[in-house]
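Trainee: Structure in structure tokens, see below.
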Amino acid sequence: LDALENEMRDKVKESNAGKRNSESIWPVHQINWQRTRYVYDMYYTYQRITKQVYQFCLSNKIVDAALIAKWKKPGYERLCSTYVINSSNYKFGTTSICRVPWRDRNPTQRNAQDPTTGCLGCASGKGAGPKNIFGNKYGQNLAAVQMARELRMLQQKKKEEEATTKRDQDESDSDSDSDSDDDSDDDYGPKPTAGVWAGSEKLQKESEAMANGDEEDDDEDDDDDRREGPTKRPRIS
């Protein structure tokens, strides 16, 4: 709302060189419509603001209360301005060309714009007018754009969370696999309790063979020592 208010001031101060007198006030009507539509949709369509905020905008004339009152009536849901439905503003007591549905216009009037607001067509109904009634950035529905942006951010955040969860799960699975591989390669079995051998049979046989081999070597050394007798010490002269 602050951005639209600042843009409204800039457009009012902007030079009118090269423009028609009526065309110079198009941004005023269009920004007023966009700002009012934003608050209206955020309250009635998406329920994203409270009633207190909505009433504050009405009481401080941030939005056009008369335009909102018309939007609540059937056939005026896309009305661009209350000016275009005032028959005293047009010849022959009629309304603006923008209130005529596209299907009722002849080919030459298809792209006709209201001289006061620049509206291309704000009639209600399917195919009665363009989705963007002004054909520029001021005809965008800011509330719908904001909701779509928030939805996209939520979806992106959800995807990131799912990717993080999957990555953590893969890392935990790889860690458990590596632990099981290490256990199978070493084959030492669980941690033994006091006084109980908890190794594998292969490891047990290897250790017994090593122990038996050392004992045999020790016995052979003892036999050799007995056969050779005591060792004579050399005489020192």
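Take the sequence shown: its position 27, counting from 1, is numbered 385 in the numbering used here, and each next residue is one higher. The C-beta atom is built at its ideal place from N, Cα and C for all residues, glycine as well. Note that this is a predicted model, so its numbers are computed, not measured.
1. Give a yes or no on whether the C-beta atoms belonging to MET400 and ARG393 are separated by under 7 Å.
2. State the DSSP-derived secondary structure class of PRO488, mapped to helix, strand or coil.
3. In terms of residue numbering, what span does the alpha helix (DSSP H) encompassing ILE420 cover?
4. Could you check the C-alpha separation between GLN410 and ASN418 for me, to the nearest Å?
5. Could you tell me the distance, in whole angstroms, from the CA atom of GLY483 to the CA atom of PRO459?
6. Under three-state DSSP, which class holds TYR448?
7. I'd like the list of long-range same chain contacts for ASN374, defined as Cβ closer than 6 Å, with 5 residues on each side in sequence excluded.
8. Under three-state DSSP, which class holds SER380?
9. Less than 7 Å separating the beta-carbons of LEU500 and TYR398?
10. With THR475 and GLN388 assumed to form a contact (beta carbons below 8 Å), what rounded beta-carbon distance in angstroms separates them?
11. Quick one: give me the first and last residue of the alpha helix (DSSP H) that LYS369 is part of.
Mentor: With the structure as the only source:
1. no
2. coil
3. Careful: ILE420 lies outside any alpha helix (DSSP H) and carries neither H nor E.
4. 12 Å
5. 8 Å
6. Note: TYR448 maps to coil in three-state DSSP.
7. SER382
8. coil
9. no
10. 7 Å
11. Segment 360-371, the alpha helix (DSSP H) holding LYS369.
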